[in-house]
Ligand code: EPU
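Numbering (full-length UniProt numbering), first residue to last: 1 to 430.
The structure is reproduced here in structure tokens:
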């Protein structure tokens, strides 16, 4: 079993190139099914989730070729809209195949989505959108079937703001007959990126990035080339790394506007931030202020950044509070941080942090990708050696986690578990 080992690393400094966004890439890869000709996606990160998705694409007949960050997809060969339930439930974004294949073939059979488990992650709004467009949704034990002889444009009012359902509704409506309007739509960069991609293929989607999106259905979509947006969540985590022990980190090839609320919060806790057109530098002065973070939907502070931010706030003397309104149970990293000596209490949807206490290394377990980032950052600030299991979760989201952290001076390495170390691993999941 692999694990990541970190040592106290002092101030981190250097420049990190930020890869394409995981969450956008996953939507774009599934969206490619909608095209009627070859699609080339550029800047796709080489991460495990992309590999699984490419595998699902191949299973249903899509030709997929990966060369570095360039993925060429030929959807003309798709011969099946039945997706293996096991594969679908091994990651979250499998639900995008539902919207895309429904739109193209009028019927899709697919397993329920898996991925990071924050206790409850309903997909009722996805179903609501499909039904509004005229589809029937049949739920079975381990899979669901969505079918419609024809999809017809409709007005869809989301009950809650969701990026996943907004994207899925766009996919399903792109080739529906007539006009669809999405109300209370998510405004995330991933929504905008998916809409730009589809428009490049000939779709007619207007207003993505606002809460009302209008889609005029088209009968077919061409092929085309598109570059994925940079990963704002990886960028945010590296900027936080700068604040850990008073370092200086530059992230390049980013869109600073995507990180607005994160940068504001980092300045609030005492980091200096400088932005260029496509780079951001954060430098820590060594002193951090405690604060309150409320994670919400974009353009609010991202839920995916509240976990790494918690590692930073452990270094800020005083009481900080981190609240997650998107995934109120996304606190599985907290018991693990306590193993390193952190004083944090979780009540309802908030973590109450007593910062400024020394952390000491130990064995911890990453339960999801951002929990992994959080533990890695905490490990770099803790005295001694920290060992992080659950590496498979981290690799779902990071292309080269070790190389990129090492490039800013982090003492971090990937290791194989030696049987002699096993006794120290009891109760890790507590
Ligand atoms: N929601 C519903 N019903 C639905 C869909 C969502 O009630 O049908 C709720 C969720 O429970 C949540 C809120 O709406 O409270 C927002 O959920 P959203 O649909 O935006 O999330 P998601 O599609 O499940 C994606 C990312 C997550 C990221 C959230 C942030 C992918 C594969 N996942 O999840 O990424 O945290 O958006 O909105 O794109 C990660 O990268 O670590 C990660 C978990």
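Ideal Cβ placement from N, Cα and C applies to all residues, glycine included.
* Any chance the CB of residue 122 is under 8 Å from a heavy atom of the ligand EPU? -> Checking the Cβ of residue 122 against the ligand EPU gives yes.
* To do: Kindly examine the ligand EPU and report whether one of its heavy atoms sits closer than 8 Å to the Cβ of residue 370.
  => For the ligand EPU, a non-hydrogen atom lies closer than 8 Å to the CB of residue 370.
* Cβ of residue 209 within 8 Å of any heavy atom in the ligand EPU? -> No, since every heavy atom of the ligand EPU falls outside the 8 Å radius drawn around the Cβ of residue 209.
* In chain order, what residues of the same chain lie with their CB nearer than 7 Å to the CB of residue 101, ignoring the 5 residues before and after it? -> Excluding sequence neighbours, residue 101 sits near 33, 81, 108.
* Determine the contact status of residue 44 and residue 65, defining contact as a CB-CB distance below 9 Å. => Contact flag unset, no.
* Asked: Near residue 84, which residues of its chain fall below 8 Å by C-beta distance, leaving aside the five closest residues on each side in sequence?
  -> Contacts found: 56, 59, 111.
* To do: Quick one: using the 10 Å Cβ neighbour count with 16 as the cut-off for buried, is residue 284 buried or exposed?
  => By the neighbour-count criterion, in which 16 or more other beta carbons inside 10 Å mark a residue as buried, residue 284 falls on the buried side.
* Would you be able to state if there are at least three C-beta pairs under 8 Å between the region 8-18 and the region 393-400? => Verdict: no, contact absent.
* To do: State yes or no: is the C-beta of residue 159 nearer than 8 Å to some heavy atom of the ligand EPU?
  => The ligand EPU has a heavy atom closer than 8 Å to the beta-carbon of residue 159.
* Buried or exposed (CB count within 10 angstroms, at least 16 for buried), residue 136 -> Exposed, since its Cβ has fewer than 16 Cβ neighbours within 10 Å.
* C-alpha gap between residue 182 and residue 133, whole angstroms -> Using only the alpha carbons, I get a separation of about 11 Å.
* Asked: Nearest to residue 277 by alpha carbon, out of 180, 96, 257?
  -> The candidate whose alpha carbon is nearest that of residue 277 is 257.
* Asked: Say the cut is 8 Å; is the CB of residue 285 nearer than that to a heavy atom of the ligand EPU?
  -> The ligand EPU has no heavy atom closer than 8 Å to the beta-carbon of residue 285.
* residue 432 (DSSP reduced to helix, strand or coil) -> Absent from the structure is residue 432, since the part of the chain shown begins at 1 and ends at 430.
* **Residue interval of the beta strand (DSSP E) (run including residue 333)** => Run containing residue 333: none in the beta strand (DSSP E); it sits in the alpha helix (DSSP H), 333-339.
* Separation of residue 383 from residue 192, as counted between CA atoms -> Going by the C-alpha atoms only, they are around 42 Å apart.
* Asked: Short check: CB of residue 353 to CB of residue 342, under 9 Å?
  -> Annotated as proximal: residue 353 and residue 342, with beta-carbon spacing under 9 Å.
* To do: Give the DSSP bridge partners of residue 216, in chain order.
  => The partner list for residue 216 (beta bridge, DSSP) reads 179, 204.
* Return yes when at least one heavy atom of the ligand EPU lies under 8 Å from the C-beta of residue 5, else no. => The ligand EPU never approaches residue 5 closely enough for any of its heavy atoms to be under 8 Å from the residue's Cβ.
* Does at least one heavy atom of the ligand EPU sit under 8 Å from the Cβ of residue 39? -> Not one heavy atom of the ligand EPU lies closer than 8 Å to the C-beta of residue 39.
* Is residue 430 helix, strand or coil when you go by DSSP? -> Annotation note: pLDDT 44 at residue 430 (below 50); position unreliable, coordinate value reported separately. When DSSP states are grouped into helix, strand and coil, residue 430 belongs to the coil group.
* To do: Give the DSSP bridge partners of residue 250, in chain order.
  => Beta bridge pairing from DSSP links residue 250 with 15, 281.
* To do: Output the distance between the C-alpha atoms of residue 219 and residue 77, rounded to the nearest integer angstrom.
  => Their Cα atoms are separated by approximately 18 Å.
* Asked: Is residue 1 helix, strand or coil when you go by DSSP?
  -> In the displayed model, residue 1 falls within coil according to three-state DSSP, outside both helix and strand.
* **Extent of the continuous beta strand (DSSP E) to which residue 481 belongs** => Lying outside 1 to 430, the shown extent of the chain, residue 481 is not represented and no answer is given.
* Asked: What does a CB cutoff of less than 8 Å around residue 430 pick up in its chain, not counting 5 residues either side in sequence?
  -> At residue 430, the pLDDT of 44 sits below 50, so the modelled position is not reliable and the matter cannot be decided from this model.
* Asked: Where residue 129 and residue 208 are concerned, what is the direct C-alpha to C-alpha distance, given to the nearest angstrom?
  -> One C-alpha to the other measures close to 16 Å.
* **Three-state secondary structure assigned by DSSP to residue 387** => Reduced to three states, the DSSP call for residue 387 is strand.
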